[in-house]
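Have a look at the structure below before the remarks.
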Amino acid sequence: MSTTVFSDVDWNKAGKQVGSLFLPHSPDDDAWGVIPYPAASIKNGDGPVVVVSGGVHGDEYEGPVVINELVRQIQTEDVQGQLILLPTFNAPALRAGRRTSPIDRLNLARVFPGDDFGTSTQQIARYVADRIFARANFYLDLHAGGRTLFIEPSTHVVMSDEMNPDVVKENARLAEVFGVGVTVQTSNMGDYRTSCGYTSMKGIPTLAAEMGMGGWVTGDSVQATRDATRRFLKHTGVLPRIATIAGVKTRWTRINGADAYVFAPCDGYFERRFNLGDPIVAGQLAGLIHQLSRPAVEPEPVYFKSAGTLYAHGLVGHVRAGQNLAVLTEDVARPD
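Per the numbering used here, residue 1 is the first one in the sequence shown, and the count goes up by one each step.
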């Protein structure tokens, strides 16, 4: 086990520690510097090791807000086992307010298990995979739609025929405990390089959540994230006495392949003809792409290829070819 990253948190030590992961970094303006990634460990007695992360993308804020609150509020005596908190998993991206790291332009949710001697994003992924996920019994990753996406508050569970059936069942139970209105079964179109894809394939019960949208933060979205996270932590047993309120019954859905996505066929300005939550039929008009600098050119219609419910859509009007315009889900039975 080799890594360039180091930490002032001792993951084996009992008690509450608040510190950082440190990634050596040598840019033009700092020959021997580091990039700090905030981290905390609260360890007390025997019990599960539960990891909670936020800020995998730097324009998603509900997770970091709620996890920082846990860092401040949770004390050693509240914990049974170990609670590991990573509030800004992609710290450079969060500081820049970007989805990806401004240092290497990589998406932390597409690099697992990482590389000890790769770019900065690959190195931090490798440290967390080897030193933190390797000890985890449960993992919760808090996301939001960020600056480019409107999305239903929801949980995501990774599903694959290669996964342990017991993990699939526990993931389903975690989604129900989390208690938001929609749960999406996903395979990321076969790409398991997300942190949740990695942990799921390693046999660790895992849940991802999309709890905000638009790149802003509201009291409602923070409260919903706070309540659901508390339910998750109580269920795992790591915070057995934490106060919780009941969630809602979740509706099981899936993103059914490439036809569930609508992508822009060309550059232009998209006139959206749908809203979040709309029922959609195959062949329905999704919208028009206008060429505003070419007034004689008719707008190009864009159609849905499949039926479903409008689960997420892009926020920006000025789009490029290949940009995601909408995502559909379809209802499915709860996985056995």
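Cβ coordinates follow ideal geometry from the N, Cα and C atoms, glycine included.
* To do: Compute the beta-carbon to beta-carbon distance between Val56 and Ala109, rounded to the nearest angstrom, for a pair I have assumed lies under 8 Å.
  => 5 Å
* Using DSSP with H/G/I as helix, E/B as strand and the rest coil, what is Val128? -> helix
* Do you know offhand how far Asp10's Cα is from Thr3's? -> 15 Å
* **As assigned by DSSP and simplified to three states, the class of Gly197** => helix
* When we look at the beta-carbon of Gly203 and count the other beta-carbons within 10 Å, is it buried (16 or more) or exposed? -> exposed
* **Environment of Leu285 [buried if 16+ CB atoms lie within 10 Å]** => exposed
* So what's Glu162 in DSSP terms, helix, strand or just coil? -> coil
* To do: With a threshold of 8 Å, establish whether the CB of Gly212 neighbours any heavy atom of the ligand NAD.
  => No copy of the ligand NAD appears in this structure; indeed no ligand is present at all.
* Would you list, in sequence order, the uninterrupted beta strand (DSSP E) runs of no fewer than 3 residues that lie entirely inside the stretch 265-331? => 268-272, 285-290, 300-303, 308-314 and 324-331
* Is the Cβ-Cβ distance between Val158 and Gly97 less than 9 Å? -> no
* To do: Just grab the DSSP bridge partners of Pro24 for me.
  => Val34
* Taking C-alpha atoms, which residue in Leu310, Val49, Ala224 and Pro36 lies nearest to Leu239? -> Val49
* Sequence-distant residues of the same chain with beta carbon closer than 6 Å to Ala14, five excluded per side -> Lys43
* To do: Would you give the residue range spanned by the alpha helix (DSSP H) that Gly63 belongs to?
  => From DSSP, the alpha helix (DSSP H) with Gly63 extends over Glu62 to Gln73.
* To do: For Asp141, write down the residues that DSSP places opposite it in a beta bridge.
  => Ser53 and Ala208
* To do: Tell me, please, which residues DSSP counts as bridged to Leu85.
  => Ala40 and Val52
* Asked: From which residue to which residue does the beta strand (DSSP E) around His251 run?
  -> Contrary to the premise, residue 251 reads as Arg rather than His in this sequence. First-last of the beta strand (DSSP E) with Arg251: Arg251 to Arg254.
* Asked: When you compare only the Cα positions, how much space is there between Ile242 and Leu83?
  -> 13 Å
* **Bridge partner(s) assigned by DSSP for His156** => Val184 and Ala208
* **Distance, Ser7 Cα to Arg334 Cα** => So the alpha carbons of these two residues sit roughly 41 Å apart.
* To do: Find out if the Cβ-Cβ distance for the pair Pro279, Leu233 is shorter than 9 Å.
  => no
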